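The structure under discussion appears below in the form of structure tokens.
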């Protein structure tokens, strides 16, 4: 990031702070402003707020989005027709009850030894989905607002370690509730920023599911420029009821997009080296303490 871009962001944040002193924000049109109060710059291709365009210019924002997507998403990643065929045949055999689920989960795991790590992680995910894990209801509803709908965590021996990502989900409705979706996006950003600061991470990945589609997001901490960058990818995947109908979920296009997401997780989300941690600590910027109170709920 150049110094001029940092100045643009500082000006944008100062304007957001000034607006917050006298007015509540409409979250659908001001989610960029709300995130800026916590030193997070949200970049969505062709979805920037008017105030953001005034401070940065539309051309500058679109160029930044295109550059970041190019740097973070490997569009040349692919899965061979042979590998995809084996996965599809295994899933089809399960749906037709030609093989047991135990056999169906073991065959993909053997296939993992013949592919790269990103592809293997996706295959393992599909294999786990076929085992139909239970989804127990949350008994303590009072903590629901403090937790994301999903978490991606390190698994260290017999316990979970640092959180590397988060997810929020909403069922499809006849009329899209953009207000709730923006609230979820705001929550994802804050969860990601908190885990980056707490666990000394280089970044945090998140995803947002709405009905049968999902989007990937990447929040990375720019140490040298002392600000947080919220990079929104443009990946979308049609999702069916995975645990019940895996066969309708798996397609070549969807697997490739998931492989790209796995690559992003492996490249951009890592622990900061001990020698770089003091610099990371010094470059931290606090989150706004009452950001949800600035939202107009009417």
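Numbering (this note's numbering), first residue to last: 1 to 298. Cβ atoms here follow ideal geometry from the backbone N, Cα and C, with glycine treated the same way. Predicted model only: the values in this text are computed from it and were never measured.
Own chain partners of residue i with C-beta closer than 7 Å, once the 5 adjacent residues on each side are dropped
i: residue 200; result: 271, 272, 277 and 280
i: residue 291; result: 34, 37 and 38
i: residue 29; result: 49
i: residue 64; result: 43
i: residue 184; result: 168, 170 and 208
i: residue 284; result: 197
i: residue 99; result: 93
i: residue 55; result: 8, 11, 12 and 15
i: residue 120; result: 112
Beta-carbon spacing of residue i, residue j below 8 Å
i: residue 192; j: residue 182; result: no
i: residue 295; j: residue 24; result: yes
i: residue 148; j: residue 160; result: no
i: residue 190; j: residue 287; result: yes
i: residue 79; j: residue 255; result: yes
i: residue 49; j: residue 32; result: yes
i: residue 111; j: residue 86; result: yes
Residue closest to residue i, alpha-carbon to alpha-carbon, out of the options
i: residue 69; options: 49, 286 and 261; result: 261
i: residue 62; options: 216, 84, 103 and 46; result: 46
i: residue 9; options: 178, 212, 19 and 41; result: 41
i: residue 170; options: 155, 150, 163 and 268; result: 150
i: residue 188; options: 168, 88 and 116; result: 168
i: residue 51; options: 206, 99, 269 and 26; result: 26
i: residue 57; options: 112, 4, 29 and 153; result: 4
i: residue 210; options: 190, 292, 218 and 176; result: 176
i: residue 179; options: 49, 19 and 298; result: 298
i: residue 198; options: 82, 164, 212 and 172; result: 164
i: residue 219; options: 202, 282 and 155; result: 202
i: residue 113; options: 283, 88, 293 and 83; result: 83
i: residue 252; options: 289, 98, 88 and 184; result: 88
i: residue 268; options: 64, 71, 186 and 289; result: 71
i: residue 153; options: 97, 206, 17 and 22; result: 206
i: residue 186; options: 293, 55 and 60; result: 293
i: residue 115; options: 81, 55 and 21; result: 81
Same chain only: Cβ atoms within 6 Å of residue i, ignoring 5 sequence neighbours per side
i: residue 266; result: none
i: residue 258; result: 122
i: residue 235; result: Unreliable placement is indicated for residue 235, whose pLDDT of 46 sits below 50; no coordinate value is reported for it.
i: residue 162; result: 154 and 199
Residue i - partner residues in DSSP beta bridges
i: residue 213; result: 210
i: residue 170; result: 210
i: residue 204; result: 219
i: residue 150; result: 167
i: residue 191; result: Partner(s): none; residue 191 has no beta bridge.
i: residue 268; result: The partner list for residue 268 (beta bridge, DSSP) is empty, contrary to what the question assumes.
i: residue 160; result: 155
i: residue 27; result: DSSP output for residue 27 lists no bridge partner at all.
i: residue 295; result: 25
Close beta carbons around residue i, own chain, < 8 Å, minus the five adjacent residues each side
i: residue 328; result: The structure shown does not extend to residue 328, since the chain spans only 1 to 298, so no value can be given for it.
i: residue 172; result: 210, 211 and 212
i: residue 66; result: 45
i: residue 17; result: 37
i: residue 124; result: 108, 109 and 112
Counting pairs of Cβ atoms below 8 Å between the stretch 36-53 and the stretch 5-24, do you hit three or more? By the Cβ criterion, the stretch 36-53 is in contact with the stretch 5-24, since at least three pairs of Cβ atoms, one from each stretch, lie closer than 8 Å.
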